[in-house]
Amino acid sequence: MLKWGGRAHDPSGVAGTAPGELAVLCPSCPRPGINLPDGWNSVPTGMQFLYMMFTCMDANFRLKNQMVSNWSQDPGLGIGLSYMVPREPYEKYVLSRASDGDLSTCVGLQALAKANTKFNVGLRSTGVGGAFCGRSEMILPNGVGALQKGERYANMDYVFASAIRSAAQLCLIPAIPKLHEPMHGKANHEGYSLNFIRGVGKSDLEVPERVWGSHNILGNSTKTQGPGSCQDVYDDHFSFWNWLKYQGLGKTLKQRYNAAVAERNIQSEGHRGLTQSLDPRLVATWEALCIEWEEEVFPKTRTNPFHTSAKSLTEAQVRKELAEEEESRLAGGGSSFHEVSASGFVVLGLELEQLQRRIQQLAKDTKSSATARAEGGLTVQRNILRSRLRSWEQLQAIYMPGLLQYRISAELSGTSTPSDRHPESVELWLPSSIPNEHRTHVCIADLPNVEEQLRTAQCRDALDAIRHILRVKSRMVLFKNKNVRGQREGTRSRTIIDRVHERAKAAAAKYRAARRAKMALCGSGDWEEELRPLADGDIRAYQDPNRLRPRTGRRGTLEDDQLAAVPEADIMDEHDDINLLRQPRERRDGTGETRRTLSWIWMTSSRSRDPADETDEILRSEWAKSRARVNRSTEEVLLL
């Protein structure tokens with residue numbers, strides 16, 4: 037290592053080697069006079085993150101060392117000259133803090149719990165703690181130290197201070213690595229999330245896991261070595277790790293840059309669509325709130341734009357809403373058919389179409405329950421529909437005078453579909469059901485235009501209904517997770533949520549039918565940018581992640597929700613057109629906040645201005661998170 041460090045060409049020789057001088061330096065860490073431009077410390081505030089140092093810390097308890105030999109017999113060849121901290125000042129500081137307790141409150145950290153147990157008897161060190169660059173994944177000079185008794189503050193503080201001693205300016209911004217963040221407390225932790233800290237780009241800071249994962253294999257060989265030989269082996273392997281990272285940096289940066297540019301474009305487009313669908317005054321208020329929160333130093337006391345107070349609808353409120361809708365539907369009454377206008381004729385047809393879909397779903401539910409009461413209710417609904425269909429057929433002779441001749445011709449040519457005996461399967465023969473070349477001979481003038489306008493409004497109303505239902509469902513799920521305990525209460529709450537879920541499926545079926553009819557009436561056009569095809573994966577709340585089925589993991593490693601997601605696909609009705617299960621996961625699909633995108637249903641220009649937006653904390657939080665994703669993506673491109 038002395039030869040690699042060029043010490044033979046220095047007049048001071050080996051004796052003049054400074055601590056950490058033999059380490060392979062990280063090219064990403066800022067060093068004035070080496071890799072920083074002139075005037076770097078006078079750049080605008082918004083660009084100072086380009087010269088920020090990313091330091092990660094963690095311990096490895098696989099790299100133990102037994103009480104074999106001693107420092108007198110095995111002093112080592114270059115302790116403190118590369119990656120390990122200088123021994124004497126390090127041990128002196130740790131001994132001065134020997135009376136300090138293990139104050140860490142990190143959940144699930146078994147190393148601290150076992151620091152004084154029989155598992156550590158006879159060990160000189162229970163592991164090593166290290167500091168690493170969060171961008172290049174290289175080990176920092178003098179950034180590794182042996183741990184005498186667990187991951188104590190005294191050891192880790194010294195290792196951290198030793199690793200950043202070359203920093204030109206010091207302004208600490210604490211953060212929690214992305215993989216570890218869910219395991220920490222939720223209260224006021226948005227300030228420590230890498231998703232919301234300004235200037236970090238797409239850094240996940242899980243570098244220690246990657247570094248230690250490749251060096252765990254050293255544990256069996258270094259465990260029984262003397263103290264000096266053990267640290268010499270560490271230095272040798274850490275130097276090789278840094279050299280490999282340095283060699284592959286060009287290829288790695290190119291791959292990251294291409295991916296970062298693509299991700300930035302995706303997030304920017306998604307955020308722009310969401311912003312355009314909101315009230316500009318509301319957006320300006322939220323923007324100011326985000327800027328104030330980001331500019332405040334730690335600890336943050338201003339209003340947190342990412343935090344929600346977990347407001348939710350109770351089950352009683354949802355039961356009341358469902359009952360009112362049912363009452364309104366039953367009390368709608370009939371129509372005065374002999375005075376129906378052309379627009380009223382089409383409106384009646386759309387109502388019958390919606391009623392057919394409702395009875396089809398009722399028939400499917402009745403088939404699964406198969407009770408006499410349910411079958412009797414289905415029969416009553418079918419009789420009502422038959423009565424309304426007879427009135428509808430009388431109006432068809434007025435507004436679609438050529439329909440009878442068209443149907444006879446279709447039957448003779450064999451292109452007609454035989455009708456089912458149940459009224460919910462009867463063809464209504466709206467103008468959209470007639471081919472374009474026959475439509476002018478079958479319908480009166482302007483009737484297709486009337487249906488086309490009503491179909492457009494129907495699509496927009498269906499999207500509004502989907503968005504409202506998804507809001508209700510997300511709040512109900514939040515209420516259930518926070519307040520409901522026990523099997524009986526959970527089943528009852530789940531039943532109410534399932535009823536709301538069925539409303540979302542019904543609204544989606546309505547949108548798809550209306551869009552198909554509009555496509556048949558007017559063909560492709562600019563309207564498709566607003567009313568896009570509705571995939572199953574698009575039907576999700578703005579708080580939900582992209583629907584991805586988790587990969588099948590090793591037995592014993594899956595969470596409960598992952599285990600439940602696999603067999604659920606087997607019990608889906610094969611005739612169900614809408615599947616809200618998570619889709620298969622691809623190799624590069626993300627599962628967290630970093631690459632999440634909003635469904636297009638929340639960004640379409642037809643989205644109505646809802647007065648509830650101003651008080652909807654979930655919408656404000658999701659808009660702020662979308663803004664943060666855009667900023668982090670842009671920062672990542674600049675950092676690379």
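Using this note's numbering, the letters of the sequence shown correspond one by one to residues 37 to 676.
For glycine and all other residues, C-beta sits at the position ideal for the given N, C-alpha and C.
Exercise for review: Flag this pair as touching only if the region 230–242 and the region 96–104 have three or more C-beta atom pairs under 8 Å; answer yes or no.
Suggested key: no
Exercise for review: Compute the Euclidean distance between the alpha carbons of I233 and F334, then round it to the nearest angstrom.
Suggested key: Translated into the one-based positions of the sequence shown, residue 233 becomes position 197. Translated into the one-based positions of the sequence shown, residue 334 becomes position 298. Between I233 and F334, the C-alpha separation is close to 11 Å.
Exercise for review: Taking S239 as part of the beta strand (DSSP E), name the residues at either end of that continuous run.
Suggested key: One-based indexing of the sequence shown puts residue 239 at position 203. Where S239 is concerned, there is no enclosing beta strand (DSSP E), given that its DSSP letter is neither H nor E.
Review point. In whole angstroms, what is the alpha-carbon distance linking R292 and S172?
Key: Start at 1 with the first residue of the sequence shown, and residue 292 comes out as number 256. Start at 1 with the first residue of the sequence shown, and residue 172 comes out as number 136. C-alpha separation (whole angstroms): 11 Å.
Point to revise | Spatial neighbours of D272 in its chain, beta-carbon cut-off 6 Å, leaving aside the 5 residues before and after | key: Counted from its first residue, the sequence shown places residue 272 at position 236. Taken in chain order, the list of residues that qualify is empty.
Check your understanding: Secondary structure at T53, three-state DSSP: helix, strand or coil?
Key -> For the purposes of this step, residue 53 is taken as the residue at position 17 of the sequence shown. In this structure, DSSP gives T53 a state outside helix and strand, which the three-state scheme calls coil.
**Study point:** Selected residue, minimal CA-CA separation from E573, among I637, E566 and T527
**Key:** Position 537 of the sequence shown, counted from the start, is the residue given in the question as residue 573. One detail in the question is off: residue 573 reads as Gly in this sequence, not Glu. The residue with the shortest Cα to Cα distance from G573 is I637.
Review point. Does the region 302–311 come close enough to the region 198–215 that 3 or more CB-CB pairs lie under 8 Å?
Key: no
Check your understanding: With DSSP run on the structure shown, which of helix, strand or coil describes Q523?
Key -> Taking the first residue of the sequence shown as position 1, residue 523 is located at position 487. The answer is helix: DSSP assigns Q523 an H, G or I state.
Review point. Three-state secondary structure (DSSP) at C479?
Key: On the sequence shown, position 443 is the one that residue 479 refers to. Of the three classes helix, strand and coil, the one that applies to C479 here is coil, per DSSP.
Check your understanding: So, is F276 buried or exposed, given that buried needs 16 or more other C-beta atoms within 10 angstroms?
Key -> Residue numbering aside, residue 276 sits at position 240 when the sequence shown is read from its first letter. Exposed, by the Cβ-count rule.
Practice item. Mind checking which residues open and close the beta strand (DSSP E) that includes V180? Key: By 1-based counting over the sequence shown, the position of residue 180 is 144. Segment I175 to L183, the beta strand (DSSP E) holding V180.
Check your understanding: Rounded to the nearest angstrom, how far is the Cβ of N101 from that of P263, given a contact under 8 Å?
Key -> The residue you call residue 101 lines up with position 65 of the sequence shown. The residue you call residue 263 lines up with position 227 of the sequence shown. Indeed, because the Cβ distance is near 7 Å, the residues count as touching under 8 Å.
Review point. What's the gap between the Cα of A553 and the Cα of E538?
Key: Position 517 of the sequence shown, counting from 1, holds the residue named residue 553. Position 502 of the sequence shown, counting from 1, holds the residue named residue 538. Spanning the two alpha carbons is a distance of roughly 23 Å.
Check your understanding: In the structure shown, what three-state DSSP assignment does M120 receive?
Key -> Your numbering for residue 120 matches position 84 in the sequence shown. Strand.
Exercise for review: Have a look at M555 and L499 and give me their C-alpha separation to the nearest angstrom.
Suggested key: The residue you call residue 555 lines up with position 519 of the sequence shown. The residue you call residue 499 lines up with position 463 of the sequence shown. C-alpha separation (whole angstroms): 17 Å.
Practice item. Consult DSSP for A167 and reduce its assignment to one of helix, strand or coil. Key: As a first step, residue 167 is located in the sequence shown; it is residue number 131 there, counting from the start. Reduced to three states, the DSSP call for A167 is strand.
Exercise for review: Look up N278 in the DSSP assignment and say whether it is helix, strand or coil.
Suggested key: In the sequence shown, the residue the question calls residue 278 occupies position 242. Residue state, collapsed to three classes: helix.
Practice item. Take every Cβ of the region 472–489, pair it with every Cβ of the region 505–525, and state whether three or more of those distances are shorter than 8 Å. Key: no
Point to revise | Residues near L676 in its chain [Cβ-Cβ closer than 7 Å; skip 5 each side] | key: Reading the sequence shown from its first residue, position 640 is the one you call residue 676. Counting only Cβ-Cβ distances below 7 Å, and skipping sequence neighbours, we find L289, R292, Y293 and A296.
Check your understanding: Can you name the residues that DSSP bridges to C92?
Key -> Here residue 92 refers to the residue found at position 56 of the sequence shown. Per DSSP, F168.
Practice item. Count the C-beta pairs between the region 376–385 and the region 483–494 that are closer than 8 Å, then say yes if the count reaches three, no if not. Key: yes
**Study point:** Collapsed DSSP secondary structure at R308 in the structure displayed
**Key:** Numbered from 1 along the sequence shown, position 272 holds the residue referred to as residue 308. R308: helix per DSSP, three-state reduction.
Exercise for review: Below 8 Å CB to CB, which residues in the same chain sit around R246 once its five sequence neighbours on both sides are set aside?
Suggested key: Within the sequence shown, residue 246 is the residue found at index 210, counting from 1. So the list reads E173, once near-sequence residues are dropped.
Practice item. Pull up the distance between the alpha-carbon of A182 and that of W40, whole angstroms please. Key: Here residue 182 corresponds to residue number 146 of the sequence shown, with the count starting at 1. Here residue 40 corresponds to residue number 4 of the sequence shown, with the count starting at 1. Going from the Cα of A182 to the Cα of W40 covers about 25 Å.
Check your understanding: Does the region 279–286 come close enough to the region 65–78 that 3 or more CB-CB pairs lie under 8 Å?
Key -> Touching, no, given that fewer than three Cβ pairs across the two stretches are closer than 8 Å.
Point to revise | Rounded straight-line distance, which links the Cα of K400 to that of F550 | key: For the purposes of this step, residue 550 is taken as residue 514 along the sequence shown, with counting starting at 1. For the purposes of this step, residue 400 is taken as residue 364 along the sequence shown, with counting starting at 1. Per the sequence shown, residue 550 should be read as Ala rather than Phe. A550 and K400: Cα-Cα distance of roughly 22 Å.
Review point. Hey, R548 and L567: beta-carbon distance below 8 Å or not?
Key: For the purposes of this step, residue 548 is taken as the residue at position 512 of the sequence shown. For the purposes of this step, residue 567 is taken as the residue at position 531 of the sequence shown. Not in contact: R548 and L567 (Cβ atoms no closer than 8 Å).
Check your understanding: Which of the three DSSP states, helix, strand or coil, is assigned to L206?
Key -> One-based indexing of the sequence shown puts residue 206 at position 170. Three-state DSSP puts L206 in coil, outside helix and strand.
Point to revise | Environment of E328 [buried if 16+ CB atoms lie within 10 Å] | key: Translated into the one-based positions of the sequence shown, residue 328 becomes position 292. Under this definition E328 is an exposed residue.
Exercise for review: List the residues that DSSP assigns as beta-bridge partners of I212.
Suggested key: In the sequence shown, the residue the question calls residue 212 occupies position 176. Bridge partners of I212: S229.
Review point. When the Cα of L506 is compared with those of T344, A544 and V60, which residue comes out closest?
Key: On the sequence shown, residue 506 is found 470 positions in, with the first residue counted as 1. When each option's Cα is compared against that of L506, the closest is A544.
Exercise for review: Measure the alpha-carbon distance for R418 versus L514 and round it to whole angstroms.
Suggested key: Within the sequence shown, numbered from 1, the residue matching residue 418 stands at position 382. Within the sequence shown, numbered from 1, the residue matching residue 514 stands at position 478. Distance from the CA atom of R418 to the CA atom of L514, rounded to whole angstroms, is 38 Å.
Check your understanding: Where does E429 land, buried or exposed, given buried means 16+ other C-beta within 10 angstroms?
Key -> Translated into the one-based positions of the sequence shown, residue 429 becomes position 393. With fewer than 16 other Cβ atoms within 10 Å, it is exposed.
Check your understanding: Are there 16 or more other CB atoms within 10 angstroms of the CB of Y126, so buried, or fewer, so exposed?
Key -> To locate residue 126, count along the sequence shown from 1; it is residue 90. Y126 should be labelled buried.
Exercise for review: Tell me where the alpha helix (DSSP H) around R424 begins and ends.
Suggested key: To locate residue 424, count along the sequence shown from 1; it is residue 388. Run containing R424: A408 to Y435, per the alpha helix (DSSP H) assignment.
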